[in-house]
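Undergrad:
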Ligand SMILES: Nc1ncnc2c1ncn2[C@@H]1O[C@H](COP(=O)(O)OP(=O)(O)OP(=O)(O)O)[C@@H](O)[C@H]1O
Ligand SMILES: [Mg+2]
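Residue numbers (the numbering used here), protein chains in the order written: chain A, 1 to 289; chain B, 290 to 559.
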């Protein structure tokens, strides 16, 4: 299948302030995102994750190289609204993304901008609100909602455009654990049930562990790209660039360094429990002998 | 503490007046103002008062809200009353030194005060029964034709909507910053006017910085959702003028007709 987002040799630098050299923020990044994938993007602060994400729906245009969205070069100006309809974007702070004073009006915002007929807007808004589980709140004011609920409304506002892909830039960073759980469940549901491609930028390793694919960005370069088990097995590389690994991976890594035979690809708690149980039982047997 | 501030004075409800199309409501409010100013004799004004009583009754807005709406204009009413009572010439009722009260003065004073009171109570009813967002919406659509002369109708309405959306957010933020500054030992409650104004600076600066950051992010989020101004934009909620609107309009027109009839046939006051 053709990739939904394809970046080839993308470099980017923000316009420099007067008298300063402009710094390259993205350096020769190539990546293909295939339809239906659930991709996590990791990287420490300032590594260029947000900058990369903004290339995926033509908010930023590459200084060098090319980005295609559903086969369309993002530099083609006439197609910009097709591109933004194909790839929706959700940001970190839900408060700064909601435009209207009533939930359903906010979800309708994108469709109103696109000139969709009123009856269809109504139907699509209701669908979008149901798919994030916020239909009962359609007449509330945003400031009456919790952070997680607001973020789900922001997601609904993007989903209403029926995008094929959504890019979420640290959507859970400002939420409490419960809000985080709500939002993650919503995103997973959209990916599994509606087949929407998801690019999730996150600082939480346990979120990344649940994705199909993990991409690690460091100083504007692609460092690692693979399934979570593979990426997190590079504990030393990740630590070098200032990233953590899931806690259980860290534990297994520690055990391995201390000379215990533990598998390298532990990323979930259950796996770790099993491995340690096996280890203890094994030792038990050793003692008997 | 800042949370108590309400935006506008909307009184949520489901009455006939609440369900009225905001465009119709705005126009009817203007018509009511016309009624009040057309009424040049007490009988006409009685029609105006009668209308007000019916309207407040139907709306289920508590009558004490009438008094609340009148409070800010009380000085103006008093001032015009005094001017009218003492400065209109005519049949002298009472005289002392340079002060004279005339029959015409008293009559005009009463009429003017009733008129102003009705005007304020009537227009307040518009804001009591229409949410700010519906009001904005109604105004945007009523002013639609002005787009032809390049008046930025959509932009103004958008600004209003965003302002309404962000007022609670910014109030909450102000509260937070104030608490943070107080926790650092800032004193905001004592001292003279200058000192208090100065104490606000450490609150206002972070508030402005954050407001600009929010504006920046909001603009980007709007771009992501294909915002490109008012051109080619549709609306989810269509406004419909229905039976209720027709009945209410009829009622206001009847009042207007009544006032005109009274003006023509009832003997003038003077
Ligand atoms: N609007 C801008 N103008 C100039 N430089 C910018 C701008 N936005 C980001 N940068 C710089 O680009 C670099 C990458 O920023 P970016 O926001 O993409 O990082 P990030 O990986 O998303 O970081 P974080 O995890 O903090 O969100 C940083 O060094 C940052 O200072
Ligand atoms: Mg970022």
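Where a beta carbon is used, it is the ideal one built from N, C-alpha and C, also for glycine. Given the structure is predicted, the values throughout are model-derived calculations rather than measurements.
#1: Within its chain, find whatever has a CB closer than 6 Å to the CB of residue 16 of chain A; leave out the 5 residues flanking it on each side and keep chain order.
#2: In terms of residue numbering, what span does the beta strand (DSSP E) encompassing residue 169 of chain A cover?
#3: Please state whether DSSP places residue 420 of chain B in a helix, a strand or coil.
#4: When the distance is taken between beta carbons, is residue 312 of chain B closer than 7 Å to residue 431 of chain B?
#5: Less than 8 Å between C-beta atoms, sequence neighbours within five positions excluded: which residues of the same chain meet that for residue 425 of chain B?
#6: Would you kindly work out how many angstroms separate the C-alpha atoms of residue 359 of chain B and residue 181 of chain A, rounded to a whole number?
#7: Look at residue 552 of chain B and residue 329 of chain B and say whether their C-beta atoms are less than 7 Å apart.
#8: Residue 176 of chain A and residue 91 of chain A - do their beta-carbons sit closer together than 7 Å?
#9: Got a sec? Which residues, its chain only, sit under 6 Å from residue 119 of chain A by beta carbon, not counting five neighbours each side?
#10: Is it true that the CB of residue 87 of chain A sits closer than 7 Å to the CB of residue 163 of chain A?
#11: Find out if the Cβ-Cβ distance for the pair residue 350 of chain B, residue 319 of chain B is shorter than 7 Å.
#12: Checking contacts by CB at 7 Å: is residue 115 of chain A closer than that to chain B?
#13: Using a Cβ cut-off of 9 Å, pull out every chain A residue sitting near residue 503 of chain B, in sequence order please.
#14: Quick check: does the Cβ of residue 50 of chain A come within less than 6 Å of any heavy atom belonging to ligand 2?
#15: Would you kindly report the start and end of the unbroken beta strand (DSSP E) that includes residue 384 of chain B?
#16: I'd like to know whether the C-beta of residue 379 of chain B is nearer than 7 Å to at least one C-beta of chain A.
#17: Kindly indicate the opening and closing residues of the alpha helix (DSSP H) around residue 70 of chain A.
#18: Count the C-beta pairs between the region 46–53 of chain A and the region 217–230 of chain A that are closer than 8 Å, then say yes if the count reaches three, no if not.
#19: Which term fits residue 246 of chain A, buried or exposed, when burial requires 16 or more other beta carbons within 10 angstroms of its beta carbon?
#20: Confirm, please, whether the CB-CB distance from residue 266 of chain A to residue 278 of chain A is below 7 Å.
#21: Which residues in the same chain have their Cβ closer than 8 Å to the Cβ of residue 145 of chain A, if we skip the five residues on either side of it in sequence?
#22: Quick one: residues in its chain with C-beta nearer than 7 Å to the C-beta of residue 466 of chain B, no 5 flanking neighbours on either side, listed in chain order?
#23: Which complete beta strand (DSSP E) runs does the region 497–557 of chain B hold, if anything under 3 residues is left out?
#24: Alpha carbon to alpha carbon, how far is residue 18 of chain A from residue 107 of chain A? Give it in angstroms, no decimals.
#25: Got a sec: is the Cβ-Cβ distance from residue 449 of chain B to anything in chain A below 7 Å?
#26: For the region 442–474 of chain B, enumerate the residues whose C-beta is nearer than 8 Å to any C-beta of chain A, in chain order.
#27: Taking all protein chains shown into account, do 16 or more other C-beta atoms lie within 10 angstroms of the C-beta of residue 45 of chain A, making it buried, or fewer, making it exposed?
#28: So, helix, strand or coil for residue 4 of chain A, using DSSP?
#29: From this set, B/545, B/306 and B/479, which residue's C-alpha is nearest residue 416 of chain B's C-alpha?
#30: Among A/236, A/259 and A/129, which residue has its Cα nearest to the Cα of residue 250 of chain A?
#31: Under DSSP, the beta strand (DSSP E) around residue 358 of chain B begins and ends at which residues?
#32: How big is the Cα-Cα spacing for residue 310 of chain B and residue 39 of chain A?
#33: Mapping DSSP to helix, strand and coil, what is residue 59 of chain A?
#34: Taking only heavy atoms of ligand 1 into account, decide whether any of them is closer than 6 Å to the Cβ of residue 204 of chain A.
#35: When DSSP labels each residue in this structure, what does residue 299 of chain B get in the three-state scheme?
#36: DSSP three-state label for residue 329 of chain B, please.
TA: In terms of the structure at hand:
#1: Looking up residue 16 of chain A in the first chain gives position 16. Shown here for residue 16 of chain A: same chain residues with a beta carbon closer than 6 Å to its own, the five before and five after excluded, namely 22 in chain order.
#2: Taking the first chain and counting its residues from 1, one reaches residue 169 of chain A at position 169. Residues 165–169.
#3: Working through the second chain from its first residue, we reach residue 420 of chain B at position 131. Coil.
#4: Against the second chain, residue 431 of chain B aligns to sequence position 142. Against the second chain, residue 312 of chain B aligns to sequence position 23. It is a contact, given that the beta carbons lie within the stated cut-off.
#5: Taking the second chain and counting its residues from 1, the one referred to as residue 425 of chain B is at position 136. Answer for residue 425 of chain B: 446, 449, 450 and 453, listed in chain order.
#6: Walking along the second chain from the start, residue 359 of chain B turns up at place 70. Walking along the first chain from the start, residue 181 of chain A turns up at place 181. Their backbone Cα atoms lie some 50 Å apart in a straight line.
#7: Taking the first residue of the second chain as 1, we reach residue 552 of chain B at position 263. Taking the first residue of the second chain as 1, we reach residue 329 of chain B at position 40. Note that the C-beta distance between residue 552 of chain B and residue 329 of chain B is below 7 Å.
#8: The residue given as residue 91 of chain A occupies position 91 in the first chain. The residue given as residue 176 of chain A occupies position 176 in the first chain. No, Cβ-Cβ distance for residue 91 of chain A and residue 176 of chain A is not below 7 Å.
#9: Residue mapping note: residue 119 of chain A aligns to position 119 of the first chain, counting from 1. Nothing meets the Cβ criterion.
#10: Position 163 of the first chain, counting from 1, holds the residue named residue 163 of chain A. Position 87 of the first chain, counting from 1, holds the residue named residue 87 of chain A. It is a contact, given that the beta carbons lie within the stated cut-off.
#11: Counting from one through the second chain, the residue named residue 350 of chain B turns up at place 61. Counting from one through the second chain, the residue named residue 319 of chain B turns up at place 30. With contacts defined as CB atoms closer than 7 Å, residue 350 of chain B and residue 319 of chain B fail to qualify as a contacting pair.
#12: The residue labelled residue 115 of chain A in the question sits at position 115 within the first chain. It does; some Cβ of chain B falls within 7 Å.
#13: For the purposes of this step, residue 503 of chain B is taken as residue 214 along the second chain, with counting starting at 1. Those within 9 Å of residue 503 of chain B in chain A are 93, 95 and 96.
#14: Start at 1 with the first residue of the first chain, and residue 50 of chain A comes out as number 50. For residue 50 of chain A, the shortest C-beta to heavy atom distance toward ligand 2 is below 6 Å.
#15: Taking the first residue of the second chain as 1, we reach residue 384 of chain B at position 95. Looking at the DSSP string, the run of the beta strand (DSSP E) that includes residue 384 of chain B is 381–385.
#16: Working through the second chain from its first residue, we reach residue 379 of chain B at position 90. Chain A contact via Cβ: absent.
#17: The count along the first chain starts at 1 and reaches residue 70 of chain A at position 70. Counting along the chain, residue 70 of chain A sits inside no alpha helix (DSSP H), nor does DSSP assign it H or E at all.
#18: Note that the region 46–53 of chain A touches the region 217–230 of chain A; at least 3 beta-carbon pairs, one per stretch, sit closer than 8 Å.
#19: Looking up residue 246 of chain A in the first chain gives position 246. It counts as buried.
#20: Indexing the first chain from 1 puts residue 278 of chain A at position 278. Indexing the first chain from 1 puts residue 266 of chain A at position 266. The criterion of a C-beta distance shorter than 7 Å is not satisfied by residue 278 of chain A and residue 266 of chain A.
#21: Translated into positions along the first chain, residue 145 of chain A becomes position 145. Contacts found: 103, 137 and 153.
#22: As a first step, residue 466 of chain B must be located in the second chain, where it is residue number 177. 492, 495 and 496, listed in sequence order.
#23: Fully enclosed beta strand (DSSP E) runs of 3 or longer: not present.
#24: For this step, residue 107 of chain A is matched to residue 107 along the first chain. For this step, residue 18 of chain A is matched to residue 18 along the first chain. Spanning the two alpha carbons is a distance of roughly 40 Å.
#25: The residue you call residue 449 of chain B lines up with position 160 of the second chain. Interface annotation, residue 449 of chain B: not in contact with chain A, CB-CB separation never under 7 Å.
#26: Within the region 442–474 of chain B, the qualifying residues are 450, 451, 453, 454, 457, 458 and 461.
#27: Looking up residue 45 of chain A in the first chain gives position 45. It is exposed - the Cβ of residue 45 of chain A has fewer than 16 other Cβ atoms within 10 Å.
#28: Sequence index remark: in the first chain, residue 4 of chain A carries index 4 (1-based). Residue 4 of chain A falls in the coil class under three-state DSSP.
#29: Locating residue 416 of chain B in the second chain gives position 127, counting from the first residue. When only C-alpha atoms are compared, the closest one is B/306.
#30: The count along the first chain starts at 1 and reaches residue 250 of chain A at position 250. The candidate whose alpha carbon is nearest that of residue 250 of chain A is A/236.
#31: Taking the first residue of the second chain as 1, we reach residue 358 of chain B at position 69. Taken as a continuous stretch (DSSP letters only), residue 358 of chain B belongs to no beta strand (DSSP E), being part of the alpha helix (DSSP H) at 353–359.
#32: The count along the second chain starts at 1 and reaches residue 310 of chain B at position 21. The count along the first chain starts at 1 and reaches residue 39 of chain A at position 39. Cα-Cα distance, rounded: 47 Å.
#33: By one-based count along the first chain, residue 59 of chain A stands at place 59. DSSP places residue 59 of chain A outside both helix and strand once states are collapsed to three, so it counts as coil.
#34: Indexing the first chain from 1 puts residue 204 of chain A at position 204. Between ligand 1 and residue 204 of chain A, a heavy atom-to-CB distance of less than 6 Å is absent.
#35: Counting from one through the second chain, the residue named residue 299 of chain B turns up at place 10. Note: residue 299 of chain B maps to coil in three-state DSSP.
#36: Residue numbering aside, residue 329 of chain B sits at position 40 when the second chain is read from its first letter. In the structure shown, residue 329 of chain B adopts coil according to DSSP, grouped into three states.
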